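First the structure, in the form of structure tokens, and then the observations on it.
Protein chains: 2
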Amino acid sequence: MSSVHNKLSIFALGGVGEIGKNMYVLQYEDDIIVIDCGSKFPDEDLPGIDLIVPDITYLLENRDKVRALILTHGHEDHIGGLPYIYKQLRMPIYGTKLTLGLVEGKLREANLLKEAELTVITPESDIQLGTVSVSFFKTNHSIPDCLGIVFQTNEGTVVHTGDFKFDLTPVSEEAADLHRMAEIGKNGVLALLSESTNAERVGFTPSERKVGVHLEEIMRKARQKVFIATFASNVHRLQQVIDAADSMNRKVALIGRSMVNVVTIAKELGYLQAREEIFIEPGDVHKYPADRVAVLCTGSQGEPMAALSRLARNNHRQVEVLRGDTVVISATPIPGNERNLSRTVDDLFKLGANVIYGPGSATGVHVSGHGSQEELKLMLHLMRPKYFIPIHGEYRMLHQHRLLAEAVGVDQDHIFIVENGDVVAFQNGEARLAGKVPSGRTLVDGLGIGDIGNIVLRDRRSLSQDGILIVIITINKSHGTILSGPDMVSRGFVYIRESEGLLEQANEVVVASIAKFQEDNMKQWRLLKQLVKENLGKFLYERTKRRPMILPIIVEV
Amino acid sequence: MSSVHNKLSIFALGGVGEIGKNMYVLQYEDDIIVIDCGSKFPDEDLPGIDLIVPDITYLLENRDKVRALILTHGHEDHIGGLPYIYKQLRMPIYGTKLTLGLVEGKLREANLLKEAELTVITPESDIQLGTVSVSFFKTNHSIPDCLGIVFQTNEGTVVHTGDFKFDLTPVSEEAADLHRMAEIGKNGVLALLSESTNAERVGFTPSERKVGVHLEEIMRKARQKVFIATFASNVHRLQQVIDAADSMNRKVALIGRSMVNVVTIAKELGYLQAREEIFIEPGDVHKYPADRVAVLCTGSQGEPMAALSRLARNNHRQVEVLRGDTVVISATPIPGNERNLSRTVDDLFKLGANVIYGPGSATGVHVSGHGSQEELKLMLHLMRPKYFIPIHGEYRMLHQHRLLAEAVGVDQDHIFIVENGDVVAFQNGEARLAGKVPSGRTLVDGLGIGDIGNIVLRDRRSLSQDGILIVIITINKSHGTILSGPDMVSRGFVYIRESEGLLEQANEVVVASIAKFQEDNMKQWRLLKQLVKENLGKFLYERTKRRPMILPIIVEV
Chain A
1 MSSVHNKLSI
11 FALGGVGEIG
21 KNMYVLQYED
31 DIIVIDCGSK
41 FPDEDLPGID
51 LIVPDITYLL
61 ENRDKVRALI
71 LTHGHEDHIG
81 GLPYIYKQLR
91 MPIYGTKLTL
101 GLVEGKLREA
111 NLLKEAELTV
121 ITPESDIQLG
131 TVSVSFFKTN
141 HSIPDCLGIV
151 FQTNEGTVVH
161 TGDFKFDLTP
171 VSEEAADLHR
181 MAEIGKNGVL
191 ALLSESTNAE
201 RVGFTPSERK
211 VGVHLEEIMR
221 KARQKVFIAT
231 FASNVHRLQQ
241 VIDAADSMNR
251 KVALIGRSMV
261 NVVTIAKELG
271 YLQAREEIFI
281 EPGDVHKYPA
291 DRVAVLCTGS
301 QGEPMAALSR
311 LARNNHRQVE
321 VLRGDTVVIS
331 ATPIPGNERN
341 LSRTVDDLFK
351 LGANVIYGPG
361 SATGVHVSGH
371 GSQEELKLML
381 HLMRPKYFIP
391 IHGEYRMLHQ
401 HRLLAEAVGV
411 DQDHIFIVEN
421 GDVVAFQNGE
431 ARLAGKVPSG
441 RTLVDGLGIG
451 DIGNIVLRDR
461 RSLSQDGILI
471 VIITINKSHG
481 TILSGPDMVS
491 RGFVYIRESE
501 GLLEQANEVV
511 VASIAKFQED
521 NMKQWRLLKQ
531 LVKENLGKFL
541 YERTKRRPMI
551 LPIIVEV
Chain B
1 MSSVHNKLSI
11 FALGGVGEIG
21 KNMYVLQYED
31 DIIVIDCGSK
41 FPDEDLPGID
51 LIVPDITYLL
61 ENRDKVRALI
71 LTHGHEDHIG
81 GLPYIYKQLR
91 MPIYGTKLTL
101 GLVEGKLREA
111 NLLKEAELTV
121 ITPESDIQLG
131 TVSVSFFKTN
141 HSIPDCLGIV
151 FQTNEGTVVH
161 TGDFKFDLTP
171 VSEEAADLHR
181 MAEIGKNGVL
191 ALLSESTNAE
201 RVGFTPSERK
211 VGVHLEEIMR
221 KARQKVFIAT
231 FASNVHRLQQ
241 VIDAADSMNR
251 KVALIGRSMV
261 NVVTIAKELG
271 YLQAREEIFI
281 EPGDVHKYPA
291 DRVAVLCTGS
301 QGEPMAALSR
311 LARNNHRQVE
321 VLRGDTVVIS
331 ATPIPGNERN
341 LSRTVDDLFK
351 LGANVIYGPG
361 SATGVHVSGH
371 GSQEELKLML
381 HLMRPKYFIP
391 IHGEYRMLHQ
401 HRLLAEAVGV
411 DQDHIFIVEN
421 GDVVAFQNGE
431 ARLAGKVPSG
441 RTLVDGLGIG
451 DIGNIVLRDR
461 RSLSQDGILI
471 VIITINKSHG
481 TILSGPDMVS
491 RGFVYIRESE
501 GLLEQANEVV
511 VASIAKFQED
521 NMKQWRLLKQ
531 LVKENLGKFL
541 YERTKRRPMI
551 LPIIVEV
């Protein structure tokens, strides 16, 4: 695989046709700029896999051209792949102060921080990467310090929005920079890449500030402890919880590793304002009157090992949820997490807590960090792009975003819904699809990165369905006679004590297969294995309607 | 385990603390009446399991007292366990015409129909089961022919609502019988068991009739084929689709086994009115102009093998979804099905279809079959029960239903939130919790009912995470010397060709363990197995951060 040969190429290595593992690439001649380096959690069809990161084959094969990785913000689906990818690519990294603060922690843990070349950028930065001039614009999102990116090339200007909403009354930060965006649009945008997460949602996403009002109200009314579970990275949300607690004269305890981690970094870097004396240790919660305490914790997705789930199972060493306490789920479950979160809510109700949960639109304790349809149209209006590539979303979201772009006047033929790896090439102001670069998912399992392939996964899935039955036949190497066996061992198939009759008969099936093998004067052990597999598989399916993996092993002595 | 010894006892064997496998029991002295016999699909924490049905240990131990099974309606979570349970219990079965029509199909498939004693009931029926008089009242739901049940005992009257909503403008059936319910309430209700599915939802569930208006509008506007995916059992919905198609001069094709099955039964029994000539075979769809066809299909939950998913993957033998076709998802995903359904919607958009999906409140093409908070309060008001047991729901739903009951004036101490198996006993008009009967889930896997236990499940889960590594050591039976091995075989752990170095070193770890075993003059092979497991486990975790199941097998020759 060589490099693509267009003047200007744009493609995704992750993030289109999916939510997660965002990685986009802009290549102008011999200059490659990578945008974001995210990770994604596996579905249940990838048993045992810890994490998914983008396949960076293309970047490795063109590593001499990679000028930089630019990070739009510090969410896991934009920086979570960094330790794995950096180990292989060692590219210079650009990001805002908070983003790099979070990245540093990741690289330190992976023992990669010392060698990393990190450059802090601001919305005002202007950098030159090879022949490409790169500048930025401020956006709003559910983590501070987010950027959109403007690439100026000799072919024209390309804009990447990052994740965004338009928060016109933001919490402790500036609103998205409408004037700068207007200016960019005025100067002409060849192509816009804009995020599509909420493209299915009508209207305008409410301001983060709305949440604060509800949180304060809840803390005012509560007569005992108030627990608030939210994403640790939502620093504005944390700020509002702390402010509400402070105004209601409650101390704040932090529970959950990432909560402590983010609060520490955000305070250090000036993104979180709080009097030091407001914080108390979880171990000291019991020392305060219940109506003088608020607890900020992780686990808003019902993750079984996170703080809130442990609290709900009454399984936390230091803090207890008691009858009459209030628990606020300040988040919406990500698809796939609904059942875990429901279980956590059930457990909290069983403890007698008053739980505030459900869609943010009903409870007021959560708003999305992503712009809804009106905001996506606003971005399209401001940028007035000639070409539009919806990114950051599953297909139906990209599709809805396309409809929005058409509605605001983008030429239907100028909209490209791409898959990961599809190259959009630009020449003389015209765009076309120009082939594919390698793309896909790299699976992380323990220390292994990309070493788990389809065969291993297929085996894991198969093992999980009906288990395994191992048949061991020992033969004499020189005479080819059967010395021992068949011995059978099963795991995950049937409970032995209850099914001895079955396994005895299975044994007879194997014995008969061996007899047939010898009778027919067959020689290759491969054929015996085949015979055992077939006969035993058939017998077991008839008797149980199950299909365990059958693994005949021939031991030569 | 003997029988419970209260005058009147009520308990659930399935359906509280969960959605699914409904089964409730009323016992008056020596007369046991069972209500419903549902099944439930397993979560991902039950790998390989096909179905879950209630544990009926109590009923088997008291089978001489079981007078009848009464079915409230024909949904799977109320009748799906029947073939498995009937095989063991052989009890007389009561249900309405449509419910028994669906039951007959199930029993026929399981070769149990001939011996089954089925009695058709109507809302006007009045039956005597032992000392208990049983009557009924008509309700509305997302399947026709639903009943609530009234049990008259010498201790007082007990009412079980079944699943219900109040549809005041129902489609081709009567509205729920408010007058009869009012009369029951007036005569005094000792205990009400009422369903809680939508107890978290404010307001009043819209009438089924609202859907028809939208369906007709969609068929009017569509210039090509219209596909409607919905639950086959929702006969009123099917009726509305057929009516809309008929009025728009479209023929109707049915795709999906259960769709064909339900339409056949419902027509036969008079629950579905349609001119015979409106139906066409799927294979004939292509013979009609695209704007003269509607397709009713299964798969509204995105089930990978159902009709809609096959159509979306362009994988149906007879019918194709073409660019410009309209697809209506006339259902809401059940929690856990969201991702599958999203994938199906993505695939349909990729085919160029216009897909109408999302919450029924937004699209108008779906309404729930369960009453919302105002309807649950209405039922509580009508029945004016002395005691209230919320049923049919996960804990938070039961909890919200309790709050509704308190709000309409039921005494807080007279509300029992129970778990499956908890017995509520009544004597002299007073209720109390009175111990537990055996309850739990019986797992169906292939032909096995209840033979899969925790060990097998734990092994399946473990195998699915990091696979298995089998280590075979062959020893001489008489001398105790090692003849061969260690031989190692792995499945689902690592891909062999890429990890030979690792497995070679693992082999050395085993060899060293054997040497240590012999050096220390240990004799029991059990100890060698233990040693190999420990040393190999430690080595592999250090090297890979994975924990495959390690299975040492010693073959004696």
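In order, the protein sequence lines correspond to chains A and B.
full-length UniProt numbering applies: residue 1 is where the first sequence begins, and numbers increase by one.
full-length UniProt numbering applies: residue 1 is where the second sequence begins, and numbers increase by one.
Heads up, the beta-carbon is just placed ideally off N, CA and C, and yes, glycines get one too.
Here the structure is a predicted model, which is why all the values come from computation and not from measurement.
- Taking all protein chains shown into account, R458 of chain B has fewer than 16 neighbouring C-beta atoms within 10 Å of its C-beta and is therefore exposed.
- Residue environment for T544 of chain A: buried (at least 16 other C-beta atoms within 10 angstroms of its C-beta).
- With a beta-carbon spacing of about 26 Å, R292 of chain B and K350 of chain B fall beyond the 8 Å limit used to define contacts.
- Look at the segment 427 to 450 of chain B: the residues with a C-beta under 8 Å from a C-beta of chain A are D445, G446, L447 and G448.
- Identification of chain B residues near V509 of chain A by a Cβ-Cβ cut-off of 8 Å yields none; the smallest Cβ-Cβ distance measures about 17 Å.
- In this structure the segment 382 to 401 of chain A touches the segment 191 to 209 of chain A; the number of beta carbon pairs closer than 8 Å is three or more.
- Contact check for V134 of chain A against I127 of chain A passes: the beta carbons are separated by less than 8 Å.
- Within a 10 Å sphere around the beta-carbon of E18 of chain A sit 16 or more other beta-carbons, which makes this residue buried.
- Every unbroken stretch of the beta strand (DSSP E) spanning 3 or more residues and falling wholly within the segment 179 to 257 of chain B is given here in chain order: 189 to 195, 226 to 229 and 251 to 255.
- Within chain B, P335, G336 and E338 have C-beta atoms less than 8 Å from the C-beta of E338 of chain A, given in sequence order.
- DSSP places P552 of chain A in the uninterrupted beta strand (DSSP E) bounded by M549 to E556.
- In this structure, the straight-line span from the alpha carbon of D411 of chain B to that of L113 of chain B is close to 46 Å.
- With respect to the 8 Å criterion, M488 of chain B and L502 of chain B are not classified as neighbours on the basis of their beta carbons.
- Neighbours of H399 of chain B in chain A, taken as residues whose beta carbon is under 7 Å from its own, are F349 in chain order.
- In this structure G81 of chain B does not touch C146 of chain B by the C-beta definition: roughly 18 Å separates them, more than the 8 Å allowed.
- Chain B has a Cβ within less than 8 Å of the Cβ of Q465 of chain A.
- In terms of CA proximity to K40 of chain A, A:D55 leads the group A:R108, A:E29, A:D55 and A:K533.
- Here DSSP, grouped into helix, strand and coil, assigns I415 of chain B to strand.
- Among the residues facing chain B, R546 of chain A is included, as its CB has a counterpart in that chain under 8 Å away.
- Inter-residue distance for R460 of chain A and F493 of chain B is about 8 Å (C-alpha atoms, whole angstroms).
- For L433 of chain A, the beta-bridge partners assigned by DSSP are A:V424.
- Out of B:E268, B:R491, B:F231 and B:H236, the CA that lies nearest to the CA of I255 of chain B is found in B:F231.
- At the C-beta level, V171 of chain B and Q273 of chain B stay beyond 8 Å of one another.
- Interface residue (Cβ-Cβ distance to chain A less than 8 Å): P390 of chain B is not classified as such.
- When DSSP reads this structure, V319 of chain B sits in no beta bridge, so it has no partner.
- For S484 of chain A, the closest Cβ of chain B is nearer than 8 Å.
- In the pairwise beta carbon analysis, the segment 5 to 16 of chain A is classified as touching the segment 420 to 437 of chain A: at least three pairs are separated by under 8 Å.
- The three-state secondary structure of Q400 of chain A, taken from DSSP, is helix.
- For I468 of chain B, the closest Cβ of chain A is nearer than 8 Å.
- By the criterion of a C-beta distance shorter than 6 Å, S462 of chain B is surrounded in its chain by M549, once the five residues flanking it on both sides are discounted.
- Only residues of its own chain outside the window of five on either side were considered, and among them I550 and P552 have a CB closer than 7 Å to the CB of K533 of chain B, listed in chain order.
- Judged by pairs of C-beta atoms under 8 Å, the segment 370 to 389 of chain B does not touch the segment 318 to 333 of chain A, as fewer than three such pairs exist.
- By the rule that beta-carbons nearer than 8 Å mark a contact, V557 of chain B touches chain A.
- If you ignore the 5 residues before and after L311 of chain B, its C-beta comes within less than 6 Å of the C-beta of V321, all in its own chain and listed in chain order.
- Among the residues of chain B, those whose CB is under 7 Å from the CB of P47 of chain A are S464 and Q465, following chain order.
- Across the structure, V408 of chain A and G212 of chain B are spaced so that their CA atoms are roughly 33 Å apart.
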